Amino acid sequence: MKPLKVVMSAFGPYAGRTELDLTVFGGQGLFLITGDTGAGKTTVFDAISFALFGEASGSTRTVDTLRSDFAEPTAKTYVELTFLHKGKKYFITRNPRYERPKKSGEGLTYENAEAELLMPNGDMITGYRDVSAKIVDLLGITSQQFKQIAMIAQGEFLKLLLSESKERGDIFRRIFNTELYQSVQNLLKENERKARKCCESEEQRILQYISGIFCPDDEQGNSLQGKISTAVIHSAGDILMELQTLNEMDTSKQNCLKQVADKLAKSLNAQTIAITQAQYINKAFAELDTAREEKKTLDKLQEEHAAQKKLLHDAEKALHTVSPFETSYLREQKEEKKLKQSIETLEREIQLQTAKLEKTLAAYQAEKEKEPEREKLASAIDRLNKILPQYGTLEVLKSELAKQEKTKTSLGKKADDLLQEKKAYQNRKNVLNEELEQLGDIEVKVATCEQEDKQLKTSQTGLLDLQESLNQLEGFQRDSTKLMKKFVDQEKAFEMMNNVYIVKEKAYFREQAGLLASSLEDGNPCPVCGSIVHPSKACLADDAPSKAELNEIRQKTDIARKNMQAASEKSSNKKAEIELAEKRLLHASKAFFSDMDESFNQKQLTSRIESALTENREKKKQNDGLYIQLRKQVSRKKECREQLAENEKHLQKNEVEITDNEEKKNKIIAKIAAGTGEFKTLKSSLEYEDSKQAAASIKKWKLNLGSLKEAFNKAEEAYHSLKNKLDGNNILLTDQRKRLTITTQSKQQAFEAYAAKLIECSFPDEETYHQARKTESEINFLKDSIEKYKNQVKTVEQNIQRLTKETENKERQNMEQLERVKQRLDQEIKQVEDSIKMLIVRSGINVPIAEALDEAIAKADVYQQEYMLVSNLSKTANGELAGRQKLAFEQYVQASYFNRVLFEANKRLKIMSNNRFELRRREEAADLSSKTGLDMDVLDHYTGRIRSVKSLSGGESFKASLSLALGLSDVIQSYAGGVEIDTLFVDEGFGALDSESLEQAIQTLAGLTEGNRLVGIISHVSELKERIDRQLVVKKSNSGSTISVITQ
C-alpha cells in the first residue's frame, strides 16, 4: 500500500482544505516532514490511518477529537486518500462524527460518521464499518498491525530496548498476540491443581472407608483392627483382602442360623394356633353365663311392660278419636265471639256518620250559589290576556331605544380611544428603530462565544471520561476486595463442611456396630463370637446420621467446593480487569497531564482531575453567562424587527377603524329619532303603565277564581264520599247479623258431637280425657320402649340356645400352661434372630465398605497416574521443572519471535555502528532459579565482550532502538501474510545523534527505499533539513496550520 494523495479538511490543526500530492516524490526514496513542535507533523500519518481504518495513530487520540478547533462552523471535516495497492488505484473518503450548526434554524446538531471506498472496477462501498472491514480484507492487516508496520513512533522502541524481561514480554504479548500461550500455561496449572486435589480427596476417602470397618470381637477381628488403627494409603489393598474374607465367613454363618430360625418358627406357629382355639372355648363359656343372668333381669320387668301397653292404648284414643271433635267445637265458639264484636262496632260508626252527613250537605249547597261570581272573574282574565302582547311590544321599543343610546355613547368613546392609540403606535415605531441601530453586530459576537463553548465542552468530556475511568478502577478495586473476602469465606466454608462430612461418615459406620451391641446381655452368648461377657460394647452415638442425611452432607460438601472454585475464578478475573483499567487510565491521563507516569497516585490524580474540571467549569460558566446575554440580545433584535412590522400593521388598521367608527355613529342617531315617536303613540293607547302591572292584575284574578273553584270541589267531594260510606256500612251490618245466627247453630252442633265422643271412648269427663291425651312424639317413645323390651327378651333367648350348643361336650382350658410353652419358643427365636441381626448389621457395614474401598483404590490409582502426567506437563509449560532452565511456554514462543526481530534488527545496526554492535538474546539465566527468555544484551565487536544494552550511550541507544523498530516492522509484516506496505513513517529522536551517526541512520533508512518504497522521517532536527531535499514543511499560526511541499 502506497499513498498517492492525501486531502485533509478541518482536520486536526489544519483549519481549511489541505492537499498533499505525494506523487511529486517519484513514489520512492526519503522525504522529511518538518516543522515546529505541535504544528501537526504526525497528523499526516493520523490522516492516512483514519482514512483507512477510521482510527487515529496514537493511543491517546480518539476519533471525536479530530475535528479542527480552527475550522469555520460551516466547514466540513473529512479526509480523502488515493492509494496504490498491488498496481491498482483506490480512492477513499471518510469523516468522523462531529458537532456542527443546523442547516435550518438555530442550534447545533451532529454530522454522522460516514465513509466511501471507490474500487478500481468502479464499484462503490459505503458505510463506516463496511469500508474499514474491506480495507482489512484488502491489505491483510488490522489497524494495530498497520501502526506497528508503517509507523515507528517517537520513544516507543527505546522502551522496548531498555525494558526488563517481564515488561518486554508484555510488549510482545500485545504485538504478537501471545495471550493464548499464557492461557494454556494457566489452564495446565489449574488442571494440575485440580488433579492433585482429586488425588488427595480420594486418598482421604480410602482412609475414611478403612476407619469405618466393623471388626468382630475375636482373634481375627483383633488382628484386622490393629492394621486399621495404623493404616496408610499403601496398606489399603491388604486390609481390603482381609475384609473380603471376613464378609464371606459372615455370609456362611447367616445361612446356618436362618435354617434354625425356620424350624423354631414352625413350632411357634402351631403353639399359637392351639392358644387361639383355647381362648375361643373359654370365651363361649363366659358369654353363656352372662346371657343367663340377663334373662333373669328381664323376667322381673314383666309387670312394668304391661302398664306401658295400657297407657299407650288410652293415649292413642284421646289423640286420634276425641281430639278432632274438641278442635271443631273450639273453632266455632271463637268465630261466634268475633262476629258479636264486629256488629257492635258497625252500629256505633253508622250513628256518627248520619249526624255528620247533614252538616256536609249544607256546606255543599252554599258553594253552588257562588257560580255567578266565578263566571265574572273568568271573563275579565280573558279580556286582559288578549291585549297583553301590546305591552311586550312597548317594552321592546323601550329596550331598543336604550341600547341605541348606549351604542351612541360607546362609539363616541371609541373615537377618542382610537386617536390615543394612533399616537402610541407612532411613538413605539420611533423607539424600535433606535434599538435596532444599537444591536447591529450581535451575531458576530454569538459565533465567537459558541466556538469557545465547543472547545470547553471537548475538554470537559475528556476530563469526565477520565474521572469515570478512575471511578471504575476504584470500583474494580472495591469489588476485588469483596471477591477476595468471598473466596476466603467460601474456602473456610468448604473446609468446615468437608470436616463435618468426615466426622459424620465415621459416626454413621460406628452407629451400625452400636445397633448390634445394644441387644447383647451379660450371661447370654454373643451371636458372632459366642462370648457371654461383654466388657466393651459399642455405644449408640447421639449424633449419628442416617444414610440419606450422610448423602445430603456429601452433596453440600460438593456444592461448597464448587462455590470456592467459582469465587477463586471471579477474584482472578477481577484482578486482570484492574491491571487493564490501570493501563488505560495512565494512557488517558497523559493527554491532560503530561508528567503522568506508571507510578501515579490515584488520590493525587483525583485531585488534579477535580481541579481541572473546576477550572473548566468556571470558564464554561462565564462563557455560558455571556452566551445567554448575547442570545437574549439576538432574540431581542429579532423581536424588534417583528414588533416594528407588527406596529406598522396596527397603524394602518387604526386609520381604517377611525373612519368606520364615524359612519356607525351617524347611523345610530337616525334610528333613535324614529323609535322615540313610535313609542309615545303606543303607550297612550294602553290602560296600565307596563306589562308587569297588567300581569299582576291577571295573577290576582286567577288566584281568586282558583280559590272559589277549589272550595266548591272540596264541598262536593266531601258530601258524596260520606254518603257512600254510610250506605256501605248499613249493608255490611245486615250481612254480619245473618252470619251470627248461622255460627251460633254450628257451635251447638259441634259441642254435642264432642260430648258423644268422650262417652264413646270411655272418658267420664274432660279432665280424664286431658290427662290421657299425649303428643305424637310421646306416643312414639312409648312404642319404642315396648318394642325394645320385646327384642331384648328374644335376643337373650337366642344367645342362650346358641352358646349351649357351642359348649356341649367341652371343658374350660388351662391358658397358663399353653403361654409358658409359647414364651420358651419366643426366647429361643429371639436369640437366633439377634445373632442373625448382628451378622446382617456387620455385613451391611462391611460389604458396602469393601465395594466402595475396592472402587476407591482403583480410582485413586487412575487419579495418581493422571496427576503425574498433568503435573509434569504443567511444570514444563510454566518453566518449573527442577534442574532445568525456567523458560515458560509463552516466553518460549515470544523468544522465537524475538530471535527473528533481532536477526532483522542487526542487519541495520551493523551498518549504523560500523559493524561494532550486535544485539543478542540472553539464552541462559544466571542460575536455574531465575526465569529467562527475553533478556537482551549487546555484543561489542571492538572489545569482544557482551554487556547490557543499558550501557549504550544516548546515540548508540537510538541506533539500537531504530534498528529494533525496523526489525520488528519487518517481522510483523512477514507474519501478516506477506502484505505490501510500501510506505514507512519514522518519528524518532534524531537529535541525540552526532553528524556521523546521523548520516549512518539516513543511509540505513535510504536502504529501506529500495524496491519502490517511500520513507518519511518526522523530525524538526535542522541537520536533516540539509541532508534531505524532499520535504513537507508544516507551519502553525493562530488561525491553524498549513503545509507546503518542497521537491528540491
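The sequence shown begins at 0 in numbering that gives the first Met the number 0 and counts up one residue at a time. C-beta atoms are modelled at their ideal positions from N, C-alpha and C, and glycine is treated no differently. Please read these numbers as outputs of a predicted model, since none were measured by experiment.
Assumed close pair V970, Y896 - CB separation to whole angstroms, cut-off 8 Å: 7 Å
Distance between G28 and T1003 (C-alpha atoms, nearest Å): 12 Å
N1011: first and last residue of the uninterrupted beta strand (DSSP E) it sits in: No beta strand (DSSP E) contains N1011, which DSSP labels as neither H nor E.
DSSP state of R382 mapped onto helix, strand, coil: helix
Bridge partners - S947, DSSP secondary structure assignment: D936
For A14, the nearest candidate out of T22, K397, T42 (CA to CA): T42
Buried/exposed call for K146, threshold 16 Cβ in 10 Å: buried
Residues of its chain near R607, where Cβ-Cβ distance is below 7 Å and the 5 sequence neighbours each way are ignored: F592
Beta-bridge pairing of V1032 - partner residues as DSSP gives them: T33, S1043
Neighbourhood of I274 by C-beta distance below 8 Å, restricted to the same chain and skipping five residues each side: M814, L817, E818, K821
Close-in-space but distant-in-sequence residues of the same chain around K252 (CB under 6 Å, 5 per side omitted): L838
Beta-carbon contacts of R946 that lie in its chain and below 7 Å, excluding the five residues immediately before and after: D936, V937, D939
Any alpha helix (DSSP H) of 4 or more consecutive residues that is wholly inside the region 231-304: 235-298
C-alpha distance - Y89 paired with F175, whole-angstrom precision: 29 Å
Pair within 8 Å by beta-carbon distance, Q791 and L297: yes
Expected contact under 8 Å - CB spacing of L438 and N660 to nearest Å: Not confirmed; about 38 Å, so no contact.
Which of helix, strand or coil DSSP assigns to L186: helix
8 Å contact criterion, which E331 and A749 should meet: CB distance rounded: 5 Å
T22 - DSSP class collapsed to helix/strand/coil: helix
Endpoints, alpha helix (DSSP H) assigned at I627: 601-683
Chain-order list of residues whose beta-carbon lies under 6 Å from that of L31 (same chain, five-residue window excluded): I1016, L1023, I1027, Q1030
Distance CB(A194)-CB(V869) smaller than 8 Å: yes
Outcome for C255 when other beta-carbon atoms lying within 10 angstroms are tallied against a minimum of 16: exposed
Identity of the residue in S570, Q601, N432, E548 nearest L585 by Cα: Q601
Option nearest E759 by Cα separation, candidates A317, E18, T556, K369: A317
Inter-stretch contact (C-beta, 8 Å, three-pair minimum) for the region 197-206 and the region 845-863: yes
Three-state secondary structure assigned by DSSP to F69: coil
Straight-line Cα distance separating K262 from A269: 11 Å
Buried/exposed call for S968, threshold 16 Cβ in 10 Å: buried
Cβ shell of L482 (< 8 Å), same chain only, five flanking positions each side left out: A566, K569, S570, K573
With 16 other Cβ atoms within 10 Å as the buried cut-off, status of V840: buried
Supposed contact pair T982 and P2 - C-beta distance, whole angstroms, cut 8 Å: 6 Å
Stretch-stretch touch, CB-based, cutoff 8 Å, three pairs: the region 365-373 with the region 740-757: no
Sequence-distant residues of the same chain with beta carbon closer than 6 Å to L19, five excluded per side: V5
Local Cβ density within 10 Å of I627, reported as buried at 16 or more and exposed below that: exposed
For T92: DSSP bridge partner residues: E79, E115
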